[in-house]
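According to our numbering, the stretch in the sequence shown is residues -3 to 306, in order.
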Amino acid sequence: MIKVENLTKRYAGITAINNLNFEVEKGEIVGFLGPNGAGKSTTMKILTSYLPATAGRATIAGFDVFEQSIEARRRLGYLPENTPLYTDMRVNEYLRYRASLKGVPHRKMKQSVGDVVELCNLRDVERKMIGALSKGYRQRVGLADALVHDPELLILDEPTIGLDPNQIRQVRELIKNLGGKRTVLISTHILPEVEMMCSRVIVIHKGKIRASDTAENLLKNQRTAGSMRVEAKVGTDNAAADLQKVPGVKDVAVEKDGDYSIFQLRLEANADPSEEVMRLAMNRHWTVRELTRRRPTLEDVFVELTHSDS
């Protein structure tokens, strides 16, 4: 559905993206991740024909986004980070207007608008002014706008930004339900959402792709450190120094909670020193109220891939 070949974008003295190559297959939900300034938005703007590339090529459903932009845009729906809406229009009025701009035939207009109103749970507000809606409802209107012409591909830039936890859950379920029938490329900073929604992850940093794989494989193959939390009464012992000597422990941070000390242990990749830590605690007669090992997460992988300056 998406094919990017040697895609490069340069501004005056700055290379925003450099020689990108990736593909997104039909029906996939792919997370497009990277820190601020990594080149995510630039790539999305090129794919949606808002911005020309300096070099390289990108196609959507086989259509070049620059040379055949009209055909490419007919096949995609785009939800930008800051959803542009006409606040002085009613929801159903706005969606009919947007459907007409996107070439939805008049005979199908009512059905198309009705379908996205139902899909995005807008039935209760379809006659309200957009300016009177909450942030969550406005985001849903933007998503309905992106869907109203029944596109094969959805490109979503931070679709849950500014939403409360309940609204995030609703949008997440909606996006998950879109997979299969539609292809979805989604940019977000909420990494647990990516693990729950996306079949694959592309990580970009400083204009270059650092990884492209399933979240499961990234966690398995990347040598990413986990951590351990130990809460214990340690008396006058220099427990931080003792824990630092345990094999597999990279460093130790400590804070006080009344009579207890809370130790955060950063571990070497694939290390599990739980038994050694418990043995140390028993030998020193520490009173342990918690010992928890946290396995690496997608956030840990993301930090490792994007922390380097190289």
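Every residue gets a Cβ at the ideal spot worked out from N, C-alpha and C, and that includes glycine.
Check	Outcome
In chain order, what residues of the same chain have a beta carbon less than 6 Å from the beta carbon of E286, not counting five sequence neighbours either side?	E227
Whole alpha helix (DSSP H) runs in the region 178 to 247 with 4 or more residues, listed along the chain?	187 to 193, 211 to 217, 235 to 240
Would a C-beta distance cut-off of 9 Å place G35 and K202 closer than the cut-off?	yes
Find the nearest neighbour of L152 within the set K172, D160, E271, judged by alpha-carbon distance.	K172
Compute the Euclidean distance between the alpha carbons of A207 and R275, then round it to the nearest angstrom.	39 Å
Going by C-alpha to C-alpha distance, which of Y82, G99, R103, R94 sits closest to A128?	Y82
What is the DSSP secondary structure of T11, reduced to helix, strand or coil?	strand
Can the beta-carbon of L215 be found closer than 9 Å to that of V299?	no
Spatial neighbours of S108 within its chain, please: C-beta separation below 8 Å, excluding the five flanking residues on both sides.	A95, V100, V144, H145, D146
Assign I10 to one of two classes, buried (16 or more other C-beta atoms within 10 Å of its C-beta) or exposed (fewer than that).	exposed
Around the Cβ of T38, are there at least 16 other Cβ atoms within 10 angstroms (buried) or fewer (exposed)?	buried
Flag this pair as yes or no: are the beta carbons of V242 and E212 separated by less than 9 Å?	no
Return helix, strand or coil for T283, following the three-state DSSP convention.	strand
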